[in-house]
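Here is the structure we will look at.
Residue numbers (our numbering): -6 to 134.
The following block contains the structure:
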């Protein structure tokens, strides 16, 4: 079992790892050795994850998911398979921890009556001020 948090753990058998050749610098080693890791985790069919976490995960990692609901994480930062494997697993754990957090429900608040009345009084006062600045026709001083 891979422990994500105190309340969430996934079975290692739910994760599929494929080693692929990495691109970029690395000399001849990059052409010969498959050091990059492609980690696949079937979010939709996973019995370890609650439905609300699945929904949030599919929103958070939408660009990394296939149409079938499989999360694909590719790690090629390091030059060794072991480090790339750990990195991919850490990325998966971070995504699951983020998806586990429930968003706070925002409650709309009402504007207090006193504040509404104050705004109306301020508007009336401002209007009076502008009214006094007008030039009145027929009046000459």
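Glycine included, every Cβ here is placed at the ideal spot set by N, Cα and C.
Within 7 Å, strictly: CB atoms of residue i and residue j
{"i": "residue 32", "j": "residue 87", "result": "no"}
{"i": "residue 100", "j": "residue 68", "result": "no"}
{"i": "residue 64", "j": "residue 70", "result": "no"}
{"i": "residue 27", "j": "residue 12", "result": "yes"}
{"i": "residue 66", "j": "residue 84", "result": "yes"}
{"i": "residue 39", "j": "residue 7", "result": "yes"}
{"i": "residue 46", "j": "residue 5", "result": "no"}
{"i": "residue 41", "j": "residue 3", "result": "yes"}
As assigned by DSSP and simplified to three states, the class of residue i
{"i": "residue 32", "result": "strand"}
{"i": "residue 42", "result": "coil"}
{"i": "residue -3", "result": "coil"}
{"i": "residue 3", "result": "strand"}
{"i": "residue 158", "result": "Outside the displayed range of the chain (-6 to 134) lies residue 158, so it cannot be described from this structure."}
{"i": "residue 51", "result": "helix"}
{"i": "residue 101", "result": "coil"}
{"i": "residue 118", "result": "helix"}
{"i": "residue 127", "result": "coil"}
{"i": "residue 69", "result": "coil"}
{"i": "residue 95", "result": "coil"}
One or two residues paired with residue i in a DSSP bridge
{"i": "residue 58", "result": "64"}
{"i": "residue 10", "result": "32"}
Closest residue to residue i among the options (Cα-Cα distance)
{"i": "residue 53", "options": "41, 110, 36", "result": "36"}
{"i": "residue 74", "options": "6, 104, 14", "result": "14"}
{"i": "residue 60", "options": "9, 79, 34", "result": "34"}
{"i": "residue 44", "options": "10, 1, 77, 9", "result": "1"}
{"i": "residue 9", "options": "78, 121, 55", "result": "78"}
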